[in-house]
Amino acid sequence: MKDSARKHRRSARTLAGLAALTIGATGVFTATAAQAADQQVAGLQLDWGYSSYAQYGVFGPWAMEASGDGVSIVSVPEAEVVGAVPGASSRDYRIASFADGAGSLDPATGAGTITWPDAGTLTVNPVRMMGGPDLFFSAPILEVAADGTAALSFEVGSGAGASMGGTPSPAQDPVRTTVLTMTDTHIADGELTGTPVFAGQHYRNAEGVQQTHESGGSWLQSYVDSLPDAVRAFHYMTGASTLNLQKAPLPFQVIGDLPEGTATGETPQIELFAADGQTPLGTTTVNPGDEIVVRGTGFDPEANNPGGDGSGLPIPNNQPQGTFVAFGAVGSPWKPSENAPSENRTQVRTNTKWVLLESVIAAMPAPLQATMRAQAIILDPTTGTFEGRITAATPSEVPTNGQFGVYSYAGGAASATNPAQELFIPVTYSDAPKPGEGGETETPVTGELVWGLKKSWRDYVANVAKGATHHSAHATIDDAGLFHFPLATGSSYDPETGTGVLKYEGRIRFQSALHDFDIVLQNPHVTITDPSAPGILSAELSTTTTVGDLTVSRVDVASIALTEPTVVSSAIGSRSAAAADPSGPGAAPAGDATYQASWTAQATTILDTIQPAELHDFYAGQAGDPVSFGTSQVETVPGTDPATDPATDPATDPGTDPATDPATDPGTDPGTHTDPGTSTDSSTDGTATTKPGTPGNAGTASAPGLVRTGADPAQGALLGAAALLIVGGVSLALARTRRSRTARTAVGATFPE
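Numbering (our numbering), first residue to last: 41 to 793.
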């Protein structure tokens, strides 16, 4: 094996450009650029291993043999083969090497033709042990266009044999056939390489029935049709198993004295800079919230265009779908072109940017344009360059052995994969507090909203669509399949009027590759404008079934048939016996009280405003799952004069005057009559005793904001002597269907256990 031939064992390079292929009536690639002023090339070597599937096979590796002086089979470790898809165990790949190719290439564009007319013949047989037919490949021709597309054709024939089921397969004479087409062909360091087209293509039989798995891929329809029926199924995905994932063609490499620096289109690249936009990021440690400036060059403005009929959202499918740029952690493999699962590309999707042409945004429906502009980085259509900022954040889940960095890949849920734009730059990332910050974190607000949307929808996702429901951004899913959203900051609720907006946070994602949907429901709110009327549950929902949380908008999802809430109040940190002495150091300390309201299993009706359209069509107007949610308030009560404390002043509570109730007056002889006109309960030392069973103090509400104070253990024990329930040192008095008449500030919520 020549030293130059070892180049096909290098790691895959970034590839460039994406454009449509032009196939002639015979199935042979037709170059779309003039080939004037070409430079002659000779002595070139073509290396190709057919597919990873051929290296593993069903019963074992395919038979692969060479005949003729110009073709040989070389053995290369799997880990060093570009595009290899590991199977059950690592092994050497057998690579066919065709020698002494010659032709001409345009130095300006890299376009041209290279042929190997007399190299010899490669023989391949998938199932020789079962009597399957041999396949013969000879006289390869590589044609490259200026736009980066290319085609590799052979004289293809077959010997006689039979299918695994015993159906005879007659011999076929050699015919010039395009075996695979490539995008992103380029020349660098004396090597020309390309990426075979496979993912997203479907094969259909003679009756037009799709034979490919919905999320699969296929070799060219024309090539598969030219093969004996006995071996066709080895060239398209009939399922989504590991073995099926190996059916894609392996990339080829042409090695030799190629015109240096020529390339079919500029290679896409991204660079990272610190927030100042000038300092290369390098190994600088990045923390959550830090901005990274991303600059891109060589991005084809017309790339990732499905060429459809103009339908589809958010981007019409006859427009370039752009490129996603994300910060996050990636596992191995992570690239969409390698059929990597989306779980291996983690990110905080709301921080992800979408590199788009201004003209593409303008072609979107008007209501979506503002949403898209907030996420977009504009691509210059003339230079193929862009610059934008991305904010670092820790994804809710990180793949095992995942590596943090900035990465890019083809945009648009329905667009074809584009290996040229699958770029990754590692970033030194730490989500630990920065030096000097002390590690303080905001105390989380407690409370939650619990809802399942609709059980029939959850069953459909899991059982019919064979999909999955994921939780992130603080949301969780319980064993019953219900979604739990914790209370977010910024909630408001007025217990006096029973109105307000309760805000919850978290993301629930419904995904199915089989039925091709990705729908997000996140950050629900409950709005109560009239406690005697239905409340409204709103949420951020995906605008279409395929955009996840990349384009969401807040809509009213369901109405809530509200009942009276369960009210929970508490006294926290009220005056202790030691502090009751006005002359002592703890005289008249402030006490705190909380007010909490919760609604359990409230009936819901899904509204006509729900989106996307598919959820609307199925569920608008139907009963949704019951919803439970809660709110809490915290008020601060300053120290007060016990003689005028409303909780102990007979003028404000004549029915429970502590001076006349022996059961609540530990300092009074129960056998002695007390004059109701005298002062409230006084002990011999002149101090006042708080009436058990009453929150230590009631008074004015604090200013807006969450007030957090520790409970006084001594006071907790004192209050516990009466008919109060002690929970973690906090005395709780439960009152069903009763609202407090004291003004309070809404700041949080606690869902009842």
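Glycine included, each C-beta is placed from N, C-alpha and C at the ideal position.
The count of Cβ pairs closer than 8 Å, one atom from the stretch 415 to 425 and one from the stretch 388 to 398, reaches three, so the stretches are in contact. Proximity to P166 across G160, Y96 and D109 peaks at Y96, based on C-alpha coordinates. Selection A553, R389 and F525 evaluated against S582 yields R389 as nearest (Cα-Cα). Between the alpha carbons of D499 and D657 lies a distance of about 17 Å. Here A270 has V167, G172, P173, G201, A202, S203, M204, T207 and S209 as same chain residues with Cβ atoms under 8 Å from its own Cβ, once five neighbours each way along the sequence are excluded.
The Cβ-Cβ distance between L182 and T217 does not fall below 9 Å.
Between H565 and G317, the alpha-carbon positions lie close to 38 Å from each other. In this structure I430 does not touch N384 by the C-beta definition: roughly 19 Å separates them, more than the 8 Å allowed. For D499, the enclosing alpha helix (DSSP H) covers residues K495 to D499.
T282 is the residue among T282, D224 and I135 whose C-alpha sits nearest the C-alpha of P126. Residue environment for D158: exposed (fewer than 16 other C-beta atoms within 10 angstroms of its C-beta). When secondary structure is reduced to three states using DSSP, Y263 falls in the helix class. For E654, the enclosing alpha helix (DSSP H) begins and ends at A653 to Y659.
Annotated as distal: Q85 and P299, with beta-carbon spacing of 9 Å or more. Approximately 5 Å separates the beta-carbon atoms of A432 and F367; this is inside 8 Å, confirming the contact. Only residues of its own chain outside the window of five on either side were considered, and among them L312, G445 and V446 have a CB closer than 6 Å to the CB of I465, listed in chain order. For Q286, the three-state secondary structure derived from DSSP is coil. Judged by beta-carbon spacing, A239 lies within the 9 Å limit of A288, meaning their Cβ atoms are closer than that value. In its own chain, leaving out the 5 sequence neighbours on each side, no residue places its CB closer than 6 Å to the CB of N441. Leaving aside the five residues that flank D213 on each side, the residues in its chain whose CB is nearer than 6 Å to its CB run, in chain order, G197. As the crow flies, the alpha-carbon of S144 is around 9 Å from that of G150. Straight-line measurement puts the Cα of I576 at about 51 Å from the Cα of W259. Non-local C-beta neighbours of T468 in its own chain, meaning closer than 7 Å and more than five positions away in sequence, comprise T323, T324, T325 and V326, ordered along the chain. For Y447, there is no enclosing alpha helix (DSSP H); the residue is part of the beta strand (DSSP E) that begins and ends at Q443 to A450. Secondary structure of N391 (DSSP, three-state): helix. Assignment of Y469 by DSSP, reduced to helix, strand and coil, places it in the strand class.
Taking C-beta separations shorter than 6 Å and ignoring five residues to either side along the sequence, the partners of A82 in its chain run A142, following chain order. Collapsing the DSSP output to three states places H226 in a strand. In this structure, T155 sits away from F177, with a CB-CB distance that is not shorter than 9 Å. Annotation: the continuous beta strand (DSSP E) that includes E427 extends over F426 to T431. Sixteen is the threshold: when 16 or more other Cβ atoms of the shown chains lie within 10 Å of the Cβ of Q551, as they do, the residue is buried. Annotated as distal: V592 and I646, with beta-carbon spacing of 9 Å or more.
For N245, the closest C-alpha among the options S668, V237, V264 and T457 is that of V264.
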